[in-house]
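Shown next, in structure tokens, is the structure this report addresses.
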Amino acid sequence: MSSTLSSLTQWVDQVAQHTKADQVVWCDGSDAENQSMIDTMLASEALVALNPDTHPDCYLHRSDPNDVARVEHLTFVCTKDQADAGPNNHWMDPDKAHALMDELFSGCMVGRTLYVVPYCMGPIDSPLSRLGVELTDSPYVVANMRLMTRMGKDALARIEKEGHFVKGVHSTGELDPDRRYIMHFPESLTIMSFGSGYGGNALLGKKCHALRIASYQARNEGWLAEHMLIVGIENPQGEVRYVAAAFPSACGKTNLAMLIPPEAYREAGWKVWTVGDDICWLHPGEDGRLYAINPEAGFFGVAPGTSAGTNPNALAMLDKETIFTNVAVTDDNQPWWEGLNEQTPATDWQGRAFDPNNGPAAHPNSRFTVSMKRCPSYSEEAENPRGVPIDAIVFGGRRAHLTPLVLEAKDWTHGVLIGATMASETTAAATGAVGVIRRDPMAMKPFCGYHFADYWQHWLNIGDKLSQPPKIFQVNWFRRDDEGRFIWPGFGDNLRVLEWIVARCKDEASAHDTPVGRVPESGGIVIDDLAEMPDMETLLAIDPDGWREELMAIEGFLSEYGDRVPKILLDRLSAIKKSVG
Ligand code: GTP
Ligand code: SPV
Ligand code: MN
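Using my numbering, the first residue of the sequence shown is number 1, and each one after it goes up by one.
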């Protein structure tokens with residue numbers, strides 16, 4: 001036995017003893033293993049089979065009604081020095097956190113199986129990929145990890161060869177929100193998660209490893225781990241340009257990553273290629289460009305709002321081999337959610353007969369889990385071990401007012417300032433109030449594993465290393481009119497904005513300078529073929545009064561991060577304030 005395998009086995013034995021698991025199963029990721037997990041879950045009713053004619057190999061999981069989203073208030077970064085976690089994270093002393101978790105995990109797997117889930121984040125043969133092992137008592141987690149990561153024997157073989165991996169221990173516990181913690185120990189590359197079976201709380205490869213732990217490692221190693229989609233835009237000449245975009249949770253990454261071009265664009269030969277929809281690892285390349293890999297292998301996407309009109313590519317991949325979580329079902333046992341179609345569902349997400357008085361039929365944070373390869377716009381480049389070169393970085397958010405449809409940063413430093421100070425309305429992806437504007441720097445507020453001010457400095461340092469840095473932009477698909485309706489059509493039509501962005505990267509489009517950034521000239525965004533003309537003037541306007549207030553709020557926000565905030569960002573902010581007047 002290799003020394004890695006023996007230390008891995010020792011750790012597994014230790015956890016099995018401490019949790020008093022009935023048995024230990026090492027997962028190989030095979031189809032047969034998956035089928036037997038599914039059968040076990042069907043028998044225990046952890047899964048319900050959906051209509052086999054319309055949705056073969058599709059299943060519904062209903063989570064506990066108290067366990068339907070990430071829990072930011074119960075998520076901790078446990079560094080030795082509290083200052084390293086920063087004001088952006090909840091912090092606990094690592095010894096105290098370990099003691100707390102040891103107590104929770106003690107005997108928690110009596111009567112349960114402990115699954116050992118080796119996984120690889122990123123293409124299995126990429127030097128940029130990272131390894132992990134999740135120990136979990138949830139077969140639902142295993143089935144999801146199999147879709148979301150390269151899971152099983154190939155990952156284990158690479159772990160044996162390389163010797164290092166992130167250790168994750170997870171138990172659903174009793175699903176008691178008062179006994180629920182998601183703990184990160186970046187200094188020892190360890191994650192401990194107790195009391196939730198949901199998404200980002202439980203699929204430890206995703207937010208816990210690929211963002212919180214990875215962002216911490218990335219700072220020390222000179223790369224970036226980001227909450228970004230990766231999309232390829234192919235023009236009629238067949239040239240593909242890659243864009244990475246950070247939007248906060250439930251703000252449109254999945255949709256932008258797999259958009260279908262408007263008809264006139266399709267006819268002209270435009271195509272869109274999906275490399276990733278949620279997480280992106282960015283590495284400076286030897287040629288001075290930034291290269292991106294998607295560490296994931298699947299999508300854990302928001303169901304509500306997904307339809308043949310808004311996201312036909314998503315809909316096309318969801319009729320086979322998909323796990324649905326907390327959606328409603330129709331009377332012929334098909335999955336259903338708000339926005340899908342005009343049908344009325346039979347049963348809501350809690351399994352009750354549908355009654356509109358109980359609220360939405362599907363939970364607003366209901367999701368689908370599906371392999372990326374099922375996406376019609378899936379790009380083979382997602383397997384490229386070197387990653388894809390990024391031309392543009394886009395920051396976006398959900399803001400009814402103020403921020404324009406699109407804005408270009410004047411340079412890297414300005415782009416970092418825009419990212420560091422972006423704000424967005426909160427969504428159902430995390431428990432808590434929805435629709436409240438909060439600062440969500442780089443869409444990483446819930447996910448950055450260290451002090452935000454250090455993170456912004458790290459972004460600036462990365463920029464210094466790039467001789468051909470991507471241009472940085474800000475977008476907002478969510479501006480509303482006086483009646484509360486979205487002004488911009490969004491979805492497939494977002495390609496119109498990406499077209500301008502890519503043209504700017506190639507110096508092929510003009511822009512109009514404003515104190516807060518560059519916006520398209522009138523006519524710069526092609527809309528002639530739209531059935532209804534959006535109010536472009538409002539969408540692209542820069543309102544000085546509104547921005548004056550915004551810049552004051554930004555100043556207050558940055559001051560919360562103390563004297564670690566890079567001075568160059570503060571200087572840039574002062575200069576912008578001056579020019580707004
Ligand atoms: P996470 O998986 O939580 O990180 O979210 P995400 O950023 O991938 O969000 P997603 O694309 O799933 O979108 C969330 C919600 O926003 C869905 O209900 C979408 O229908 C809606 N949405 C996405 N793009 C647009 C858009 O361009 N315009 C409008 N109005 N809504 C959009
Ligand atoms: C998000 O909340 O940003 C998600 C879903 O992508 S979860 O995996 O639950 O974090
Ligand atoms: Mn996300």
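Ideal Cβ placement from N, Cα and C applies to all residues, glycine included. Because the structure is a prediction, the values reported are computed rather than measured.
What is the C-beta distance between residue i and residue j, in whole angstroms, given that I count them as a contact (C-beta under 8 Å)?
i: A400; j: F473; result: The Cβ separation is near 20 Å, so there is no contact.
i: E132; j: F247; result: In the sequence on display, residue 132 carries Gly and not Glu. Incorrect: roughly 25 Å between the Cβ atoms, too far for contact.
i: G492; j: P262; result: 5 Å
i: A69; j: P118; result: About 27 Å; that fails the 8 Å criterion.
i: C251; j: S424; result: 6 Å
i: E162; j: M145; result: Contact doesn't hold; Cβ gap of about 19 Å is too wide.
i: N66; j: V77; result: Rounded, the Cβ-Cβ distance is 24 Å, inconsistent with contact.
i: G232; j: S379; result: 6 Å
i: Q468; j: G288; result: 5 Å
i: K253; j: L282; result: Rounded, the Cβ-Cβ distance is 15 Å, inconsistent with contact.
i: S249; j: A420; result: Not really, about 18 Å apart at Cβ, beyond 8 Å.
i: N311; j: A143; result: So it is not a contact: roughly 23 Å between Cβ atoms.
i: N326; j: S366; result: 4 Å
i: D464; j: A264; result: Going by Cβ atoms, the distance from D464 to A264 rounds to 41 Å, so no, they are not a contact pair.
i: H451; j: G86; result: 3 Å
How many Å lie between residue i and residue j at the Cα?
i: T592; j: G200; result: Given that the chain is displayed from residue 1 to residue 581, the structure contains no residue 592 and the question cannot be resolved.
i: E72; j: T136; result: 21 Å
i: T75; j: I182; result: 5 Å
i: A586; j: A257; result: Any question about residue 586 goes unanswered here, given that the chain covers just 1 to 581.
i: A583; j: I554; result: The chain is shown only over 1 to 581; residue 583 falls outside these bounds and no answer can be derived.
i: P446; j: L211; result: 9 Å
i: I260; j: P376; result: 10 Å
i: T431; j: F557; result: 23 Å
i: T54; j: Q334; result: 7 Å
i: V416; j: L460; result: 7 Å
i: I525; j: D348; result: 41 Å
i: P186; j: W456; result: 18 Å
i: N255; j: T514; result: 29 Å
i: S579; j: I462; result: 28 Å
i: A46; j: R62; result: 7 Å
i: R180; j: A362; result: 24 Å
i: A511; j: G546; result: 22 Å
i: L114; j: G205; result: 17 Å
i: Q217; j: L573; result: 29 Å
i: M192; j: S171; result: 9 Å
i: E586; j: G122; result: Look at the range of the chain in this structure, 1 to 581, and you will see that residue 586 is not part of it.
i: P127; j: N384; result: 11 Å
i: P364; j: T403; result: 25 Å
i: M41; j: R352; result: 20 Å
i: I393; j: H164; result: 31 Å
i: T79; j: A453; result: 16 Å
i: I390; j: R130; result: 21 Å
i: G173; j: V15; result: 14 Å
i: R496; j: E338; result: 27 Å
i: G238; j: N494; result: 20 Å
i: Y198; j: I213; result: 19 Å
Starting from the C-beta of residue i, find all residues in its chain whose C-beta is less than 7 Å away, skip the five residues before and the five after it, and write them out in chain order.
i: R584; result: For residue 584 there is no data in the structure shown, the boundaries of the chain being 1 and 581.
i: Q343; result: T330, W336
i: G490; result: W477
i: L540; result: P404, L405, V519, P520
Once the 5 residues before and after residue i are set aside, which same chain residues still bring their CB inside 6 Å of it?
i: D28; result: G152, K153
i: S215; result: A225, C448, G449
i: M444; result: H227
i: D535; result: I487
i: R398; result: C251, S424, E425, F478
Nearer than 7 Å: is that true of the beta carbon of residue i relative to any heavy atom of ligand 5?
i: G524; result: Absence of ligand 5 from the depicted structure is noted, with ligand 1, ligand 2 and ligand 3 being the only ligands included.
Practice item. Would you check if there are 3 or more beta carbon pairs closer than 8 Å linking the segment 52 to 67 to the segment 310 to 329? Key: These segments touch.
**Study point:** Stretch-stretch touch, CB-based, cutoff 8 Å, three pairs: the segment 235 to 245 with the segment 479 to 492
**Key:** Taking a cut-off of 8 Å for Cβ pairs, the segment 235 to 245 and the segment 479 to 492 do not touch, as fewer than three such pairs fall below it.
Exercise for review: Would you be able to state if there are at least three C-beta pairs under 8 Å between the segment 501 to 512 and the segment 266 to 273?
Suggested key: The segment 266 to 273 makes no contact with the segment 501 to 512; the number of CB pairs closer than 8 Å stays below 3.
Check your understanding: Enumerated in chain order, which unbroken segments of the alpha helix (DSSP H) with a length of 4 residues or greater are wholly contained in the segment 298 to 343?
Key -> Correct list: 312 to 317.
Practice item. Please determine if the segment 284 to 300 and the segment 360 to 375 are in contact, where contact requires at least 3 C-beta pairs separated by less than 8 Å. Key: Three or more pairs of CB atoms, one per stretch, sit closer than 8 Å, so the segment 284 to 300 contacts the segment 360 to 375.
Practice item. Evaluate the contact criterion for the segment 103 to 119 versus the segment 156 to 172: three or more CB pairs, one atom per stretch, below 8 Å. Key: Output reads yes: the segment 156 to 172 touches the segment 103 to 119.
Check your understanding: Quick check: the segment 96 to 103 against the segment 1 to 8, are there 3 or more CB pairs under 8 Å?
Key -> By the Cβ rule, the segment 96 to 103 does not count as touching the segment 1 to 8, because fewer than three pairs are nearer than 8 Å.
Exercise for review: Can you check the segment 424 to 481 for any beta strand (DSSP E) of at least 3 residues that lies completely inside it and give the ranges in chain order?
Suggested key: The DSSP assignment places complete beta strand (DSSP E) segments of no fewer than 3 residues inside the segment 424 to 481 at 437 to 439, 471 to 475, in order along the chain.
Practice item. With a floor of 3 residues, list each beta strand (DSSP E) that falls wholly inside the segment 511 to 555, ordered by position along the chain. Key: The qualifying runs are 511 to 514, 517 to 520.
Review point. What alpha helix (DSSP H) runs, 4 residues minimum, are completely inside the segment 139 to 176?
Key: Secondary structure remark: continuous alpha helix (DSSP H) runs of at least 4 residues inside the segment 139 to 176, in chain order: 139 to 148, 153 to 162.
Point to revise | 4-residue-minimum alpha helix (DSSP H) runs that sit fully inside the segment 81 to 132, ordered along the chain | key: For the segment 81 to 132, whole alpha helix (DSSP H) runs of length 4 or above, ordered along the chain, are 82 to 85, 94 to 105.
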